[in-house]
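> Sending over a structure as structure tokens; questions will come in a sec.
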Amino acid sequence: MTHVIEAGAAVRREPGAGRRLTPHRLLVLVAVVYTLAVAPHVFLATSLTWDEVVYASQVAAGAQPADFSAPRAWGMPLILAPVAMFTSAVLPLRLYLMLLAGAGLYLAFRPWLRVGEDRAGDPGAGGALPAVRLWAAPVAAGLFASLWTSVLYGALAYPNLWLTFALVGGLGWYLRAIGDPVRRGALAGAAISFAAAALLRPTDAAAFAAPLVLAPLAVRAWRTRRAVAPVAAVIGGLAVGWGVWIAEAFLRFGDPVQRLKAGAEVNEPGVGFSIARHLEAVDGPYLLCRPVKVCADIHPAEVLWWLLLPLLVALGLHAVRRASAPLAPYALGVVCAAVFALPYMLLFSYANSRFLQPAYGVLALPVAAGLVWLVVRRARGRAVVAGLLAVAAVAHVVPQILSYQRTLRPHVGLVQTQAERAEALRGHGVRPRCVMFGPGAIQLSYELGCRPRWLPNNPAAGLPDVRAARQAGEQVILLHKGSAARRPAPIPNWRLVQLPGKDTYAYIRP
Numbered sequence: 429m430t431h432v433i434e435a436g437a438a439v440r441r442e443p444g445a446g447r448r449l450t451p452h453r454l455l456v457l458v459a460v461v462y463t464l465a466v467a468p469h470v471f472l473a474t475s476l477t478w479d480e481v482v483y484a485s486q487v488a489a490g491a492q493p494a495d496f497s498a499p500r501a502w503g504m505p506l507i508l509a510p511v512a513m514f515t516s517a518v519l520p521l522r523l524y525l526m527l528l529a530g531a532g533l534y535l536a537f538r539p540w541l542r543v544g545e546d547r548a549g550d551p552g553a554g555g556a557l558p559a560v561r562l563w564a565a566p567v568a569a570g571l572f573a574s575l576w577t578s579v580l581y582g583a584l585a586y587p588n589l590w591l592t593f594a595l596v597g598g599l600g601w602y603l604r605a606i607g608d609p610v611r612r613g614a615l616a617g618a619a620i621s622f623a624a625a626a627l628l629r630p631t632d633a634a635a636f637a638a639p640l641v642l643a644p645l646a647v648r649a650w651r652t653r654r655a656v657a658p659v660a661a662v663i664g665g666l667a668v669g670w671g672v673w674i675a676e677a678f679l680r681f682g683d684p685v686q687r688l689k690a691g692a693e694v695n696e697p698g699v700g701f702s703i704a705r706h707l708e709a710v711d712g713p714y715l716l717c718r719p720v721k722v723c724a725d726i727h728p729a730e731v732l733w734w735l736l737l738p739l740l741v742a743l744g745l746h747a748v749r750r751a752s753a754p755l756a757p758y759a760l761g762v763v764c765a766a767v768f769a770l771p772y773m774l775l776f777s778y779a780n781s782r783f784l785q786p787a788y789g790v791l792a793l794p795v796a797a798g799l800v801w802l803v804v805r806r807a808r809g810r811a812v813v814a815g816l817l818a819v820a821a822v823a824h825v826v827p828q829i830l831s832y833q834r835t836l837r838p839h840v841g842l843v844q845t846q847a848e849r850a851e852a853l854r855g856h857g858v859r860p861r862c863v864m865f866g867p868g869a870i871q872l873s874y875e876l877g878c879r880p881r882w883l884p885n886n887p888a889a890g891l892p893d894v895r896a897a898r899q900a901g902e903q904v905i906l907l908h909k910g911s912a913a914r915r916p917a918p919i920p921n922w923r924l925v926q927l928p929g930k931d932t933y934a935y936i937r938p
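Here it is as structure tokens:
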């Protein structure tokens, strides 16, 4: 393996190179292993969570659309549409997302195999440069794929992982286009990637892209007309996603300002410094750390990588410089990751493990460059360094597995209980046309084909919306949660059913 890395620049040219493990083939291998790592979750997560239902119900066959609140964007429903528009079943959706995640990982890091080439396609001028530049991409993909959040969300319909793929790939295509703006493929890749990112998370995509728009002013080598086309590709891609968001803001919320205000009310932002909250969230065990105390326990071995990440990034940038590789691409990535992460650190009082996934994906690139440089910089002692890195890899992966398992248990338990509740309600005759009120209505309505009406508190039979649904001829289900001592009182002519799980009941009106 050492010999293969040492020969990085010549892998594609040497006779018999087709029989070697090239950087591109390693990237493919990483994507395949990642896909297989996601597979067990596909068969365990048998129901959709709240957020997943909100996205899937917009396009799923036979599902009643859940409320699509102001902070959400249409990128995730569009990703789900190729399968969801034909079936609302969960297993096909999970399988599709698993395969798409593997492809997304490959496509995100694929352009980085050639970032830094000159116009003639020369990968570098001897020394350690070719190995660092070529092998950093698959190693970075492996580092990101090894995070428990990457594995867990590989089969879940949350936008953060897919945003990561779009932004990592978009940055790579932008840098390829800066290196040679004649490459129309690179320009198209940048535009498509940032269009996808803006459709998924418009504000996040804009924050990440801001340094790319300004970079030609700061990097002397880029201060030419050749930077115009790449910047235009980024802005054009962002305009697609923002155009959809702005049009929807006028149609549903009055105007973009009102939509931003409505989104702020949902997310409860506030000026603060939440880096401690992100440290608490980085080892799980819940998908939503609200209230923050549910994620407050810290396991030192499982958060160590997060604490060491700034040091590892600095080492990577130093390695790139020592290898005489272009520093600007990796340094620009670090700036983009910092600008992306800053609002999450300063404007939210809570944190989720998935929020910073795009930053982790980009920062994996200089870290990977540093690791490759450690192996190839000297002929002597290389086996010792490789052995130490192997030990470090085990020390990283094992805690990630522990975090994954700790998070998987409550998540799987929750969705399995939800599936059992849906089956119990189906056994009590719940069928469309039906409307469901109360805690858990969003998720169960998707399973049963009902119209969802989520309420923060237990609903009552006399609510105006309940009366209106009954008058419209819909079957009405009122969901109640509470301790056994606070079991809901009987309502005349309604059937009270205890559902699977702890202290959950349903009133069913024929």
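Take 429 as the starting number for the sequence shown in the numbering used here and just add one per residue. All C-beta atoms, glycine included, are put in the ideal place defined by N, C-alpha and C.
1. Would you list the residues sitting across from GLN926 in a DSSP beta bridge?
2. Just the C-alpha distance for LEU739 and LEU816, rounded to the nearest angstrom, thanks.
3. State the DSSP-derived secondary structure class of LEU907, mapped to helix, strand or coil.
4. Restricting to runs no shorter than 4 residues, where is the alpha helix (DSSP H) found entirely within the stretch 500-583?
5. In three-state DSSP terms, what is PRO719?
6. Out of ARG937, PRO920, LEU907, PRO938, point me to the one whose CA is closest to GLN926's CA.
7. Count the other CB atoms, across all protein chains shown, that sit within 10 Å of the CB of ARG547; report buried if there are 16 or more and exposed otherwise.
8. TRP801 and ALA747: beta carbons closer than 8 Å?
9. Just to confirm before moving on: does the CB-CB distance between ALA594 and ALA796 stay below 8 Å?
10. Give the range of the beta strand (DSSP E) segment to which PHE471 is assigned.
11. Hey, quick one: how far does the beta strand (DSSP E) through PHE701 stretch, first residue to last?
12. For the candidate residues TRP590, LYS930, ILE905, whose alpha-carbon lies nearest to that of SER911?
13. Excluding the five sequence neighbours on either side, which residues of its own chain have a C-beta within less than 7 Å of the C-beta of ALA465, listed in chain order?
14. In the DSSP assignment, find the unbroken alpha helix (DSSP H) run with PRO880 in it and report its ends.
15. Assign PHE776 to one of three DSSP states: helix, strand, or coil.
16. So is VAL458 buried or exposed if we call it buried at 16+ other beta carbons inside 10 Å?
17. For the structure I just gave you, are there three or more beta carbon pairs, one from the stretch 653-665 and one from the stretch 595-615, closer than 8 Å?
18. Among LEU732, PRO499, HIS469, whose alpha-carbon lies nearest the alpha-carbon of PRO520?
19. Span of the beta strand (DSSP E) holding VAL863?
20. With a cut-off of 8 Å on the beta carbons, I'd call GLY544 and PRO754 a contact; round off their distance for me.
21. Residues in its own chain within less than 8 Å of PRO493 by CB, not counting five upstream and five downstream?
22. Using three-state DSSP, classify GLU902 as helix, strand or coil.
23. Using DSSP with H/G/I as helix, E/B as strand and the rest coil, what is PHE593?
24. Within the continuous alpha helix (DSSP H) that includes THR845, where are the two ends?
25. Consult DSSP for ASN695 and reduce its assignment to one of helix, strand or coil.
26. The alpha helix (DSSP H) spanning PHE783 covers which residue range?
27. Tell me which residues share the same chain as TYR483 and place their Cβ nearer than 7 Å to its Cβ, disregarding the 5 neighbours each side in the sequence.
28. Following the continuous alpha helix (DSSP H) through TYR949, name the residue where it begins and the one where it ends.
29. List the whole-angstrom C-beta distance separating ALA473 from VAL840, where the pair is believed to meet the contact cut-off of C-beta under 8 Å.
30. How is ALA488 classed by DSSP in three states: helix, strand or coil?
31. With a Cβ-Cβ cutoff of 8 Å, do VAL662 and PHE701 count as a contact?
32. Alpha carbon to alpha carbon, how far is TRP590 from GLY532? Give it in angstroms, no decimals.
33. Leaving out the 5 sequence neighbours to the left and right, which residues in its chain are closer than 6 Å to ALA897 when beta-carbon positions are compared?
34. With a cut-off of 8 Å, do at least 3 Cβ pairs link the stretch 913-922 to the stretch 859-878?
35. With DSSP as the reference, label THR631 as helix, strand or coil.
36. Given a threshold of 16 other Cβ atoms within 10 Å of its Cβ, counted over all protein chains shown, does ASP632 qualify as buried or as exposed?
In terms of the structure at hand:
1. DSSP, once it has assigned bridges, lists TYR933 as partnering GLN926.
2. Each residue's alpha carbon lies about 17 Å from the other.
3. strand
4. Here the runs fully enclosed are 503-512, 518-537, 557-573, 576-580.
5. coil
6. LEU907
7. Residue confidence for ARG547 is low, a pLDDT of 45 falling below 50, so the modelled location carries little weight; the figure read from the coordinates is stated next. With fewer than 16 Cβ atoms within 10 Å of its Cβ, ARG547 is classed as exposed.
8. yes
9. no
10. Taken as a continuous stretch (DSSP letters only), PHE471 belongs to no beta strand (DSSP E), being part of the alpha helix (DSSP H) at 451-472.
11. Note, PHE701: premise wrong, no beta strand (DSSP E); not H, not E.
12. LYS930
13. VAL579
14. Unbroken run through PRO880 is the beta strand (DSSP E), 879-881; no alpha helix (DSSP H).
15. strand
16. buried
17. yes
18. Considering only alpha carbons, the answer is HIS469.
19. 862-865
20. 5 Å
21. SER485, GLN486
22. GLU902 falls in the coil class under three-state DSSP.
23. helix
24. 810-855
25. helix
26. Unbroken run through PHE783: none, as it is neither H nor E.
27. MET504, PRO505, LEU508, ALA585
28. Because the chain in this structure spans residues 429 to 938, residue 949 falls outside the shown range and cannot be described.
29. 6 Å
30. coil
31. no
32. For GLY532 and TRP590, the distance between alpha carbons rounds to 7 Å.
33. VAL863, VAL904
34. With a cut-off of 8 Å, the stretch 859-878 and the stretch 913-922 do not count as touching, because too few Cβ pairs lie within range.
35. helix
36. buried
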